[in-house]
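As you go down the protein sequences, you meet chains Z and D in turn.
The numbering of the first sequence is full-length UniProt numbering, which starts it at 1 and goes up by one.
The numbering of the second sequence is full-length UniProt numbering, which starts it at 1 and goes up by one.
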Amino acid sequence: MAAATDDAGDSNEMIRVVSSDGEHFEMPEAAANLSLVLRHMIEDDCADAAGIPLAVVAAKPLAKIVDYCTKHAAKSSGLTIEEAEELKRFDAEFIEVDTDMLYDLLVAADFMGVEGLSKLAVQRTADLIKGKTPEQNRETFGIVNDFTPEEEEEICKENEWAFQITKPPSRLC
Amino acid sequence: MEFPEDIWQHIHSLMPMRDAARAACVSRMFLRFWRGYPSVTIDRKILASSSQQGIRFWTEDERGKYILTKAQQVLESRGSSSTVVRSVKLDLSTCQKVIVSATSAGGLVDCWLRSFVKPGIEDITLFLSEWDNNDYYYYYGHDCLPEYTFPCSLLSDDDEKITSLQSLSLSSCGFHPNEGMTTLLGCWKNLSTVCLHRVAVADEELGFFLAGCLALERLTLSCCDTIGSLKIPHALRRLRSLRVRSCRLLRTIESGAPMLATVWYDGWPLLRFSLGGALETTKLEVRATRMGDVIQYAGAKLPSAAPDLETLVLSTVYERLKAPVMPDKFKQLKHLVICLGRSTVFCAGYDFFSLACFLDACPALETFVLRIADGIRWYNNPNRGKPDKEASWKRQEVSELHHGGIIGNLRKVTITGFCSANSLVELTCHILVAAAASLEHMTLDTSPGYDRKHTSYGRCWQMSAEALREAETALAAARKYVEPKVPDGVDLKVLGPCSRCHLGMRDNS
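Rendered as structure tokens:
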């Protein structure tokens, strides 16, 4: 536990980042290091007072990402089981966002190379798709149905098994 | 707002197969992902996820038909794709044997495997139904061999050989690779994990198979009742973990694998157990339930067979404890953990003090942990129980065996389940003398071990009422006999039962 605090405490340096819409954010160096892109920039001495510009990440998702990284960096190594559970709870609450935000987070985490967040967002999206009808999924994620009616019928028939509710056994015999 | 296709594909690959199939109907892009969905799984969930409870009331016959129909549908919907499937899992372990062994099902399994096992496959899991209980009790042995044999020939068709396989898990089927199948050579060369459960395989077949598994890292065998002798060749240089459980006919385990680090054996006593003469590992953990001579073996063989050993964990349940004869010393051993399970017995005349021989043969030791299980039978009075005159003779032998060595680097000693046996007190005092120059911390814990309590809910391991009574005697013994001998500068902790978990329990009972 002590080690974890020390690790985070060591890097007092704050890293400044700038969102695509010009907002400035600050986070500890340990937090920035969770992003592959930022880490490389820091290693190459590109982190200066002006801040690292992130051309494709808007302020809203960036604020969330800074939150995420700061929280995770503070508890990086030597977690007790309680701390690990607390972090898990944090993740679960953190990712309870609407689909627009989820979408932004996915793209931003992918761009910035924040592996933990990428996984979290990808899993959340997969969970959202699960158990929904194709029509509901198209609505949720704004996907256009580009099948012809014939194609759609065919593909639905092929994957009928996945939609089936277990039938009474008598009908199967 | 364009969602990158590769992210979508990644998301799709993470979904369970049923949901992935449903999503295929969303758009052409998703249909493409589905065609390339990298794994195929048929298990209880796929077969009956919508109303699992309902299926229990079906007759076996109905259920069998349902399962076959459903499996066939899944097969057809996936069969049309031409993508490389990386993982195939077919789990029929919850179905009755009659269903699975029916010809149609046998054909289905074959058809299933042939459809998806193609170059590029990395993971094959095939769990057929467990034995019916009746079969198991009435017929035992070869009469009751599983009927389906895993088709090894899948991996080596005439035109192409599959060498991509990394993990193979089989349950309740036959597995018969043999030297006649020359085309199989090289097929196993990338296998890193092999798990066989209730698999019928002969010794020489297993031997032929293992000889080709040059990348094997983990081998698990359980309930394989046809194996009598397990021999692991030296060429398996990456094998780290060997777990063998409940193989009834197994009498010999001989491993030559040089990097072995974990050996778990749970089964009948073996006639021969050997980890070979050339272990290169620095860390070794041996856990055995019914073998009676793990400590003997480790003491006699490992110092010369594993000269680089730095950490050794020996955990036994049925040890027949006596002073190990140690012709060589563990020159590098720094950490030693010995766990004595509840069925440990002491050979006539021997007692806890026998372990002094082991310690004295570890000149570089830094930490020593001894865990004594609740319920071990030990005797204080030489006239009680077996030891009699012979005892004093044996004690003399023990004294001669241990060379009065100095354990010059020993800094930390922890004994959990500390009891009031004279011989344990004696062992403790022996350590205090032998490690007087270096010892910093000694913990005598009369509970089953605060250092390994369930942190997830903060409770200690349970203690029986008898153990609680014994703990009080042990505390007194530690204070009376050990404390006065503790040199200055050594931090001695004598721990009683936990007031919250253990004493609270006693009040309730």
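Backbone N, C-alpha and C fix where the C-beta goes; we use that ideal spot for every residue, glycine too.
Keep in mind that this is a model prediction, so the values were computed, not measured.
Any C-beta of chain B under 8 Å from that of L108(D) | Looking at the structure shown, chain B is missing, and the protein chains on hand are Z and D.
Locate the beta strand (DSSP E) running through L221(D), then write down its first and last residues.
-> The residue you call residue 221(D) lines up with position 221 of the second sequence. Run containing L221(D): 218 to 222, per the beta strand (DSSP E) assignment.
What first and last residue would you give for the beta strand (DSSP E) that runs through I338(D)?
-> In the second sequence, counting from the first residue as 1, residue 338(D) sits at position 338. Where I338(D) is concerned, the enclosing beta strand (DSSP E) stretches over 335 to 340.
Proximity below 8 Å, CB of L370(D) to CB of I407(D) = Numbered from 1 along the second sequence, position 370 holds the residue referred to as residue 370(D). Numbered from 1 along the second sequence, position 407 holds the residue referred to as residue 407(D). No, these two residues do not count as a Cβ contact at 8 Å.
I7(D) versus chain Z: which residues are under 8 Å apart at the beta carbon?
-> Here the question's residue 7(D) lines up with position 7 in the second sequence. Under the 8 Å cutoff, chain Z gives L106, V107, D110, V122.
So what's F116(D) in DSSP terms, helix, strand or just coil?
-> Stepping through the second sequence from its first residue, residue 116(D) is reached at position 116. DSSP places F116(D) in helix when its eight states are reduced to three.
Neighbourhood of H72(Z) by C-beta, 8 Å cutoff - its chain only, sequence neighbours within 5 removed = Against the first sequence, residue 72(Z) aligns to sequence position 72. Counting only Cβ-Cβ distances below 8 Å, and skipping sequence neighbours, we find A31, L34, L87, G116.
Mapping DSSP to helix, strand and coil, what is T125(Z)?
-> Working through the first sequence from its first residue, we reach residue 125(Z) at position 125. Helix at T125(Z).
Look at the alpha carbon of I95(Z) and the alpha carbon of E85(Z), and state the distance between them as a whole number of angstroms.
-> Looking up residue 95(Z) in the first sequence gives position 95. Looking up residue 85(Z) in the first sequence gives position 85. Approximately 16 Å between the Cα atoms of the pair.
Cβ of K88(Z) within 8 Å of any chain D Cβ = Indexing the first sequence from 1 puts residue 88(Z) at position 88. No, K88(Z) does not count as interfacial toward chain D.
For P303(D), count neighbouring Cβ atoms within 10 angstroms of its own Cβ and tell me buried if that reaches 16, exposed if not.
-> As a first step, residue 303(D) is located in the second sequence; it is residue number 303 there, counting from the start. Flag for P303(D) reads buried.
For E366(D) and W8(D), the rounded distance between their alpha carbons | Taking the second sequence and counting its residues from 1, the one referred to as residue 8(D) is at position 8. Taking the second sequence and counting its residues from 1, the one referred to as residue 366(D) is at position 366. Between W8(D) and E366(D), the C-alpha separation is close to 53 Å.
In terms of residue numbering, what span does the alpha helix (DSSP H) encompassing R16(Z) cover?
-> Counted from its first residue, the first sequence places residue 16(Z) at position 16. R16(Z) -> not in any alpha helix (DSSP H); beta strand (DSSP E) instead, spanning 14 to 18.
For the beta strand (DSSP E) that contains V490(D), what are its first and last residues?
-> On the second sequence, position 490 is the one that residue 490(D) refers to. Taken as a continuous stretch (DSSP letters only), V490(D) belongs to no beta strand (DSSP E), as it is neither H nor E.
Does G22(Z) get closer than 8 Å to chain D when you measure Cβ to Cβ?
-> For the purposes of this step, residue 22(Z) is taken as the residue at position 22 of the first sequence. Taking Cβ atoms only, chain D never reaches closer than 8 Å to G22(Z), which makes this a no.
Going by alpha carbons, who is nearest to A74(Z) out of E29(Z), L36(Z), A121(Z)?
-> Along the first sequence, one-based indexing puts residue 74(Z) at 74. Among E29(Z), L36(Z), A121(Z), the Cα nearest to that of A74(Z) is on E29(Z).
Three-state class that DSSP yields for A435(D) in the structure shown = If you number the second sequence from 1, residue 435(D) lands on position 435. Coil, per DSSP.
What does I11(D) touch in chain Z if you count any residue whose Cβ is under 8 Å from its own?
-> Residue numbering aside, residue 11(D) sits at position 11 when the second sequence is read from its first letter. Going along chain Z in sequence order, the residues near I11(D) (Cβ under 8 Å) are V122, T125, A126, I129.
Give the single residue among S93(D), C223(D), L113(D) whose Cα lies nearest to the Cα of S39(D).
-> As a first step, residue 39(D) is located in the second sequence; it is residue number 39 there, counting from the start. S39(D) has its Cα closest to that of L113(D), out of S93(D), C223(D), L113(D).
Is the region 125 to 144 of chain Z touching the region 53 to 65 of chain Z, taking contact as three or more C-beta pairs under 8 Å?
-> no
Inter-residue Cα distance where the pair is A434(D) and I253(D) | To locate residue 434(D), count along the second sequence from 1; it is residue 434. To locate residue 253(D), count along the second sequence from 1; it is residue 253. Rounded to the nearest angstrom, the two C-alpha atoms are 36 Å apart.
Would you kindly work out how many angstroms separate the C-alpha atoms of T183(D) and T289(D), rounded to a whole number?
-> Numbered from its first residue, the second sequence carries residue 183(D) at position 183. Numbered from its first residue, the second sequence carries residue 289(D) at position 289. Rounded to the nearest angstrom, the two C-alpha atoms are 40 Å apart.
How many Å lie between A437(D) and A356(D) at the Cα?
-> By one-based count along the second sequence, residue 437(D) stands at place 437. By one-based count along the second sequence, residue 356(D) stands at place 356. C-alpha separation (whole angstroms): 17 Å.
Using a C-beta to C-beta distance shorter than 8 Å, which residues of chain D count as neighbours of E152(Z)?
-> Stepping through the first sequence from its first residue, residue 152(Z) is reached at position 152. In chain order: C25.
W264(D) lies in the beta strand (DSSP E); which residues open and close that run?
-> Counting from one through the second sequence, the residue named residue 264(D) turns up at place 264. 262 to 266 is the extent of the beta strand (DSSP E) around W264(D).
Does the beta carbon of S77(D) come closer than 8 Å to any beta carbon on chain Z?
-> Residue 77(D) sits at position 77 when you count from the first residue of the second sequence. For S77(D), the answer is yes, since a Cβ of chain Z falls inside 8 Å of its Cβ.
Chain Z contact for D19(D) (CB, 8 Å cutoff) | Here residue 19(D) refers to the residue found at position 19 when the second sequence is read from its first residue. Cβ-Cβ to chain Z under 8 Å: yes for D19(D).
Boundaries (first-last residue) of the beta strand (DSSP E) holding V40(D) = Locating residue 40(D) in the second sequence gives position 40, where the first residue counts as 1. Element bounds for V40(D): 39 to 42.
Output yes or no for whether 8 Å exceeds the beta carbon distance between F358(D) and I295(D).
-> Numbered from 1 along the second sequence, position 358 holds the residue referred to as residue 358(D). Numbered from 1 along the second sequence, position 295 holds the residue referred to as residue 295(D). Yes; because the gap between Cβ atoms is below 8 Å, this pair is in contact.
Measure from the C-beta of V114(Z) to each C-beta in chain D and report whether the shortest distance is under 8 Å.
-> As a first step, residue 114(Z) is located in the first sequence; it is residue number 114 there, counting from the start. Judged by the 8 Å Cβ criterion, V114(Z) is not in contact with chain D.
Quick one: does K283(D) have its CB under 8 Å from some CB of chain Z?
-> For the purposes of this step, residue 283(D) is taken as the residue at position 283 of the second sequence. No, K283(D) lies away from the interface with chain Z (no Cβ there is under 8 Å from its Cβ).
Cutoff 6 Å; reference E150(Z); Cβ partners in own chain excluding five residues on either side = The residue given as residue 150(Z) occupies position 150 in the first sequence. If we look at E150(Z) and ignore the five residues flanking it on each side, it has no Cβ neighbours.
Does any CB atom of chain D fall closer than 8 Å to the CB of P98(Z)?
-> Counting from 1 along the first sequence, the entry for residue 98(Z) is found at position 98. It should be pointed out that residue 98(Z) corresponds to Asp in this sequence rather than to Pro. Not an interface residue.
Under the three-state reduction of DSSP, which class applies to D225(D): helix, strand or coil?
-> The residue given as residue 225(D) occupies position 225 in the second sequence. Residue state, collapsed to three classes: coil.
Sequence-distant residues of its chain with Cβ nearer than 6 Å to G54(D) (five each side left out) | Position 54 of the second sequence, counted from the first residue, corresponds to residue 54(D). Low confidence applies here, because G54(D) scores a pLDDT of 48, under 50, leaving its location unreliable; read the following figure in that light. Here the set comprises nothing.
For R500(D), is the classification buried or exposed, using 16 other Cβ atoms within 10 angstroms of its Cβ as the cut-off for buried?
-> What you label residue 500(D) is simply residue 500 of the second sequence in a count that begins at 1. The residue in question, R500(D), is exposed, as its Cβ has fewer than 16 Cβ neighbours within 10 Å.
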